[in-house]
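Per this note's numbering, the sequence shown runs over residues 9 to 227.
Glycine included, every Cβ here is placed at the ideal spot set by N, Cα and C.
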Amino acid sequence: MKKIQILVVDDHTLFRRGLIALLSQASDFEVVGEAGDAIEALRLCATLKPDVILLDNHLPGASGIQSLPDIFHASPDSTVIMLTVSEDEEDLIRALQNGAQGYLLKTSEKDDLLFGIRKAFDGESVISKEMTHKLVSAFKSNAKKDEKSKATSLASSLSPRELDAVRLIATGASNKEIARQLGIAETTVKIHVQHILRKLNLSSRVQVAVFASAEGIGL
9 MKKIQILVVD DHTLFRRGLI ALLSQASDFE VVGEAGDAIE ALRLCATLKP DVILLDNHLP
69 GASGIQSLPD IFHASPDSTV IMLTVSEDEE DLIRALQNGA QGYLLKTSEK DDLLFGIRKA
129 FDGESVISKE MTHKLVSAFK SNAKKDEKSK ATSLASSLSP RELDAVRLIA TGASNKEIAR
189 QLGIAETTVK IHVQHILRKL NLSSRVQVAV FASAEGIGL
C-alpha cells in the first residue's frame, strides 16, 4: 500500500520534530521532508511533490497563508492543511479562500490529527470543531450584496442533482455517503463534484460547504 507522503512546515524545531515522530508512528504515513520557513518549503514542494503539506501560518518572512499560491504553483496536486495556533477567523477564511483543504489547531488530539490528514488526503474538508462556527458566522456577516447576487447567479448554474450534492457536501458527507443517499455511483458523485467546483469557481469541498452555508443551501 502506498503511503501518504507528508511535508511538515513549522518554524519551531521542537514542535516540528515532535510532530514528525508522531506521524512516523502511523504505518500509512511517510514524512518526506521538513522546513522551517516558506522559502525552504517552496523548494521542497517543487522537488518532493508531497501528497499532504502540514503548514504553520506563523513562519519567518512570508506567512503560511501568504505562501499558499506559490505552494500550489510549485506542487499543484498537494493537499494543504493549516496546522496552527491561530483561532482568528480572518486567518481561517483567508486560508480556505487560498485553497487550503483543512484548518486544524495545534491543540488537536493525536487521533483527530491523524484522522484529519487521512480525510483531507481523500478529498474531504477538515476543520477543527472550535473553528466551524467561526467559519459560518464570518461568511454570513461579511457577505456583500453584490457578492450575494453573483453567488446566487452561480448557484443557478447548477443542475438539481448538483444542488443535491452541494447540500450533502455542506453536511460533511463523503463521496461514498453522497452516492448512497442519492442512489448513484461514487464515480458519478466525483464527476458532479468536479462540475460543481468548476461552475462555482471554487477549489475545494471546504469552499463548497462555505458557499452553501452563505447561500442558505441546506437540507
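Per-residue burial, residue i [other beta carbons within 10 Å of its own, 16 or more giving buried]
| i | result |
| --- | --- |
| L76 | buried |
| H20 | exposed |
| T179 | exposed |
| F37 | buried |
| D64 | buried |
| R206 | exposed |
| M139 | buried |
| G124 | buried |
| N183 | buried |
| I14 | buried |
| Q215 | buried |
| G224 | exposed |
| A193 | exposed |
| K152 | Reliability of the predicted coordinates at K152 is poor, the pLDDT of 48 falling under 50, and no value is obtained from them. |
Residue i and residue j closer than 8 Å at C-beta
| i | j | result |
| --- | --- | --- |
| L31 | A43 | no |
| I79 | A49 | yes |
| A103 | I73 | yes |
| I47 | G69 | yes |
| L100 | K137 | no |
| D96 | L67 | no |
| V3 | S86 | Absent from the model: residue 3. The displayed extent of the chain is 9 to 227, so no value can be given. |
| S165 | A217 | no |
| I28 | V40 | no |
Residue i versus the options, residue with shortest Cα-Cα distance
| i | options | result |
| --- | --- | --- |
| T55 | S83, P168, L171 and H66 | S83 |
| P168 | H200, T195 and T140 | H200 |
| V17 | K11, V88, A34 and S35 | V88 |
| E170 | S71, I204, G191 and Q189 | I204 |
| V174 | R213, D120, N106 and A29 | R213 |
| F23 | K10, T115, V134 and G224 | T115 |
| S221 | L121, I177 and Q105 | I177 |
Residue range of the unbroken beta strand (DSSP E) whose run includes residue i
| i | result |
| --- | --- |
| T87 | T87 to T92 |
| G110 | G110 to L113 |
| Q189 | No beta strand (DSSP E) contains Q189, which is instead part of the alpha helix (DSSP H) from N183 to L190. |
| I14 | I12 to V17 |
| I61 | V60 to L63 |
Residue range of the alpha helix (DSSP H) that includes residue i
| i | result |
| --- | --- |
| G124 | K118 to F129 |
| G41 | Segment F37 to A43 is the beta strand (DSSP E) holding G41; no alpha helix (DSSP H) there. |
| T196 | E194 to L208 |
| G26 | T21 to S32 |
Inspect the CB distances between the segment 96-111 and the segment 120-136 and report whether three or more fall short of 8 Å. yes
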